[in-house]
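A.B. asks:
Protein chains in written order, with the working numbering: chain L, 77 to 372; chain U, 77 to 372.
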């Protein structure tokens, strides 16, 4: 398989669907649609939607059938980035090389754009115009799973602990709590959603969730390493923005070499979780490698 | 009927259910549960949940059967208050006589508390442990309706226009846009949810939605009048906080006497919408009067 064209094709489908689901920029009141579209189309790699589609495809399902769910996952991810970047939280002026939402639209609109995206994600998941071939009870379960992953005991809980831990000594257990919830929970629910919609059997679900858990942690470790190394290249010293902020990171706790080793171990475990899957799971395998090589 | 005991009984049921649905304050990470509970139990009058229950009861349903939906509506309302009070939006230090969420817990936790409440509302609506006697397809429709009322073309859209209109000359059409979305949409969806769950017929739904639309606007007009009169009593002049901020209000546009007259007209229309309902709709009638008398 040509993995690059797989990724660009799936990304294109997500982008097209998102453009269809989110009202155009000239919709009244225009500023909120401009703000939402600005962040939604700011060059995201669509990891979560692609994981959802790849999980469905690994079980013989069709990527297009899960597009609304894939897009809802991306909306939730984008809302979390807009809110995380706010001055009161991470106070970031730039993301992916362009100004953050509140730097362009102001803080009030950025808060409301995040709120609207989160709300819209659930509207999409419940929309009677979409996912017509999916049983209503299964869709309810999906909404429950995704909201759990995004909420108190998932993404928001992880972000709370992250905010609370800034500038403090953090142990590995707390770091694991933050990682597994702040990014891990939504990655796991992305895989789970795609697998559930393709009618995954319990053993398949178990294997895919194991895969997702490993790559979720690997993703965060890779991100932490990149934060240090990216900074090293730019300013020639080993302090990245995470370190400046006193953010808890894996390399800060166990060192960069140990972190790389952990990343490779997690990759091995993720791949071994897929051992009984056939070539339809090849995109999932390639995504795992891609993550550890820090290309996501 | 004893209306006061009706209100206090329904409020008590909502409060008890909310305490059950939201994890206790000692749950890890504690600060987010403290923050959420602080605002959720800050003395709200539970108008939206009571409207939902009263609509169900007007059609012969049982208030307890819709409690999870009633509570989800209150969670969404509370999230919107926490975010509206933030320095970047209304910058309010007090609400209902106590400090606002961000004054106690800080801005970052207040943002996340709002995010968590919105997410949790949808989790509750989709939770397989609740609403077991409601058809899954109907529950999906409910989630779709409520998210629509809370989103771009409902509450968030109204709030966007409110923020955008501050300090500007606003005409009656814009003011109506703000009112009908910022507060009206969630009031209408509260009534609609309760009515749908009780199996309301099309003619009943139409009448109840008409009732809800009138009281939604009446509620906002009453709130605007109270903002002026409350302030008058306190500082002895006719400028309230809305006026200081250049907020668009009904009395500012048409005058206070005309606003009172409009409130009475809306009450008459709301009551006439219920003319074919029997004594089971008495709580809805009393709520409408209560709103116009500015006791809500």
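Each residue gets a CB set at the ideal place from its N, CA and C atoms; glycine is no exception.
Identify whether residue 170 of chain U lies in helix, strand or coil by the three-state DSSP scheme.
C.D. replies: Within the second chain, the letter at position 94 stands for residue 170 of chain U. Residue 170 of chain U: strand per DSSP, three-state reduction.
A.B. asks: Just to confirm, is the Cβ distance from residue 269 of chain U to residue 218 of chain U under 8 Å?
C.D. replies: Residue 269 of chain U sits at position 193 when you count from the first residue of the second chain. Residue 218 of chain U sits at position 142 when you count from the first residue of the second chain. In this structure, residue 218 of chain U lies closer than 8 Å to residue 269 of chain U by Cβ.
A.B. asks: Residue 175 of chain L bridges to which residues according to DSSP?
C.D. replies: Looking up residue 175 of chain L in the first chain gives position 99. DSSP output for residue 175 of chain L lists L:170 as bridge partner(s).
A.B. asks: Given this structure, state the Cα-to-Cα distance separating residue 265 of chain L from residue 220 of chain L, to the nearest angstrom.
C.D. replies: Counting from one through the first chain, the residue named residue 265 of chain L turns up at place 189. Counting from one through the first chain, the residue named residue 220 of chain L turns up at place 144. About 10 Å.
A.B. asks: Considering just the uninterrupted stretch of the alpha helix (DSSP H) at residue 337 of chain L, what are its terminal residues?
C.D. replies: Locating residue 337 of chain L in the first chain gives position 261, counting from the first residue. Here the alpha helix (DSSP H) through residue 337 of chain L covers 332–349.
A.B. asks: Residue 231 of chain U: buried (16+ other C-beta within 10 angstroms of its C-beta) or exposed?
C.D. replies: Locating residue 231 of chain U in the second chain gives position 155, where the first residue counts as 1. When all chains shown are included, residue 231 of chain U counts as buried.
A.B. asks: Contact criterion: CB-CB distance below 8 Å. Does residue 165 of chain L meet it with respect to chain U?
C.D. replies: Position 89 of the first chain, counted from the first residue, corresponds to residue 165 of chain L. Yes, contact with chain U.
A.B. asks: Determine the contact status of residue 135 of chain L and residue 271 of chain L, defining contact as a CB-CB distance below 8 Å.
C.D. replies: As a working note, residue 135 of chain L is residue 59 in the first chain. As a working note, residue 271 of chain L is residue 195 in the first chain. Against a cut-off of 8 Å, the Cβ pair of residue 271 of chain L and residue 135 of chain L comes out as a contact.
A.B. asks: What are the complete beta strand (DSSP E) segments, minimum 3 residues, inside the segment 103–163 of chain L?
C.D. replies: none
A.B. asks: For the segment 328–346 of chain U against the segment 286–303 of chain U, do three or more pairs of beta-carbon atoms, one drawn from each stretch, fall closer than 8 Å, so that the two count as touching?
C.D. replies: By the criterion of at least three beta-carbon pairs nearer than 8 Å, the segment 328–346 of chain U is in contact with the segment 286–303 of chain U.
A.B. asks: Within this structure, are the beta carbons of residue 250 of chain U and residue 237 of chain U separated by less than 8 Å?
C.D. replies: By 1-based counting over the second chain, the position of residue 250 of chain U is 174. By 1-based counting over the second chain, the position of residue 237 of chain U is 161. Yes, the Cβ-Cβ distance between residue 250 of chain U and residue 237 of chain U is below 8 Å.
A.B. asks: Entirely within the segment 246–270 of chain L and at least 3 residues each: give me those beta strand (DSSP E) ranges in chain order.
C.D. replies: List check, beta strand (DSSP E) in window: nothing returned.
A.B. asks: Any beta-carbon of chain L closer than 8 Å to the one on residue 226 of chain U?
C.D. replies: In the second chain, counting from the first residue as 1, residue 226 of chain U sits at position 150. Yes, residue 226 of chain U counts as interfacial toward chain L.
A.B. asks: Taking the C-alpha atoms as reference points, what is the distance between residue 103 of chain L and residue 144 of chain L?
C.D. replies: As a position in the first chain, residue 103 of chain L is number 27, starting the count at 1. As a position in the first chain, residue 144 of chain L is number 68, starting the count at 1. The alpha-carbon atoms of residue 103 of chain L and residue 144 of chain L are separated by roughly 21 Å.
A.B. asks: Using a beta-carbon distance cut-off of less than 8 Å, what residues from the segment 277–302 of chain U approach chain L?
C.D. replies: none
A.B. asks: How do the segment 79–90 of chain L and the segment 154–174 of chain L stand: do at least 3 beta-carbon pairs fall below 8 Å, yes or no?
C.D. replies: no
A.B. asks: Using a Cβ cut-off of 7 Å, pull out every chain U residue sitting near residue 215 of chain L, in sequence order please.
C.D. replies: As a working mapping, residue 215 of chain L is identified with position 139 in the first chain. Residues of chain U passing the Cβ test: 216.
A.B. asks: Could you tell me whether the Cβ of residue 322 of chain L comes closer than 8 Å to any Cβ of chain U?
C.D. replies: Counted from its first residue, the first chain places residue 322 of chain L at position 246. Contact of residue 322 of chain L with chain U is not assigned, every C-beta pair being separated by 8 Å or more.
A.B. asks: Going by DSSP in three states, residue 295 of chain U sits in which element: helix, strand or coil?
C.D. replies: Here residue 295 of chain U refers to the residue found at position 219 when the second chain is read from its first residue. Here residue 295 of chain U sits in helix by DSSP.
A.B. asks: Classify residue 98 of chain U as helix, strand or coil using the three-state DSSP reduction.
C.D. replies: Taking the first residue of the second chain as 1, we reach residue 98 of chain U at position 22. Here residue 98 of chain U sits in coil by DSSP.
A.B. asks: Taking the straight line between their C-alpha atoms, what separation do you get for residue 244 of chain L and residue 337 of chain U?
C.D. replies: Taking the first chain and counting its residues from 1, one reaches residue 244 of chain L at position 168. Taking the second chain and counting its residues from 1, one reaches residue 337 of chain U at position 261. For residue 244 of chain L and residue 337 of chain U, the distance between alpha carbons rounds to 59 Å.
A.B. asks: May I ask you to list, following chain order, the residues of the segment 232–244 of chain L that have a beta carbon less than 7 Å from some beta carbon of chain U?
C.D. replies: 232, 233, 235, 236, 237, 239, 240
A.B. asks: Keeping to the same chain, check which residues put their C-beta closer than 7 Å to that of residue 239 of chain L; ignore five residues upstream and five downstream.
C.D. replies: For the purposes of this step, residue 239 of chain L is taken as residue 163 along the first chain, with counting starting at 1. Excluding positions up to five away in sequence, the list reads 165.
A.B. asks: With burial defined as no fewer than 16 other Cβ atoms inside 10 Å of the residue's Cβ, what is the status of residue 170 of chain L: buried or exposed?
C.D. replies: Here residue 170 of chain L corresponds to residue number 94 of the first chain, with the count starting at 1. Exposed, by the Cβ-count rule.
A.B. asks: If distances are taken between C-alpha atoms only, which option among L:173, L:205, L:241, L:204 comes closest to residue 322 of chain L?
C.D. replies: Here residue 322 of chain L refers to the residue found at position 246 of the first chain. Relative to the Cα of residue 322 of chain L, the nearest Cα in the group L:173, L:205, L:241, L:204 belongs to L:241.
A.B. asks: Counting only beta-carbon atoms, is residue 35 of chain U nearer than 8 Å to chain L?
C.D. replies: Given a span of 77 to 372 for chain U in the structure shown, any question on residue 35 of chain U remains unanswerable.
A.B. asks: Would you grab the beta carbon distance between residue 114 of chain U and residue 167 of chain U for me? Rounded to a whole angstrom, and I think it's under 8 Å.
C.D. replies: Residue 114 of chain U sits at position 38 when you count from the first residue of the second chain. Residue 167 of chain U sits at position 91 when you count from the first residue of the second chain. About 19 Å separates the two Cβ atoms, so there is no contact after all.
A.B. asks: Evaluate residue 333 of chain L with the Cβ neighbour count: other Cβ atoms within 10 Å of its Cβ, from every protein chain shown; 16 or more gives buried, anything less gives exposed.
C.D. replies: Numbered from 1 along the first chain, position 257 holds the residue referred to as residue 333 of chain L. Burial call: exposed.
A.B. asks: Taking Cβ-Cβ distances shorter than 7 Å, what residues in chain L pair up with residue 203 of chain U?
C.D. replies: The residue you call residue 203 of chain U lines up with position 127 of the second chain. Per Cβ cutoff of 7 Å: 220.
A.B. asks: Going by C-alpha to C-alpha distance, which of L:300, L:349, L:257 sits closest to residue 326 of chain L?
C.D. replies: By 1-based counting over the first chain, the position of residue 326 of chain L is 250. Checking every option, the nearest Cα to that of residue 326 of chain L belongs to L:300.
A.B. asks: How would you call residue 320 of chain U, buried or exposed, if buried means at least 16 neighbouring beta carbons within 10 angstroms?
C.D. replies: On the second chain, residue 320 of chain U is found 244 positions in, with the first residue counted as 1. It is exposed - the Cβ of residue 320 of chain U has fewer than 16 other Cβ atoms within 10 Å.
A.B. asks: Can you list the residues of chain U that residue 184 of chain L reaches, using a CB-CB cut of under 7 Å?
C.D. replies: The count along the first chain starts at 1 and reaches residue 184 of chain L at position 108. Going along chain U in sequence order, the residues near residue 184 of chain L (Cβ under 7 Å) are 164, 165, 239.
A.B. asks: Express the C-alpha separation of residue 214 of chain U and residue 284 of chain U in angstroms, rounding to a whole number.
C.D. replies: Position 208 of the second chain, counting from 1, holds the residue named residue 284 of chain U. Position 138 of the second chain, counting from 1, holds the residue named residue 214 of chain U. Rounded to the nearest angstrom, the two C-alpha atoms are 18 Å apart.
A.B. asks: Of all Cβ atoms in chain U, is any one closer than 8 Å to the Cβ of residue 159 of chain L?
C.D. replies: Translated into positions along the first chain, residue 159 of chain L becomes position 83. It does: the Cβ of residue 159 of chain L has a partner Cβ on chain U nearer than 8 Å.
A.B. asks: For the candidate residues L:120, L:184, L:196, L:146, whose alpha-carbon lies nearest to that of residue 172 of chain L?
C.D. replies: Reading the first chain from its first residue, position 96 is the one you call residue 172 of chain L. Just measuring C-alpha positions, the residue of L:120, L:184, L:196, L:146 sitting nearest residue 172 of chain L is L:120.
A.B. asks: Report buried or exposed for residue 275 of chain U, applying the criterion of at least 16 other Cβ atoms within 10 angstroms of its Cβ.
C.D. replies: For this step, residue 275 of chain U is matched to residue 199 along the second chain. When all chains shown are included, residue 275 of chain U counts as exposed.
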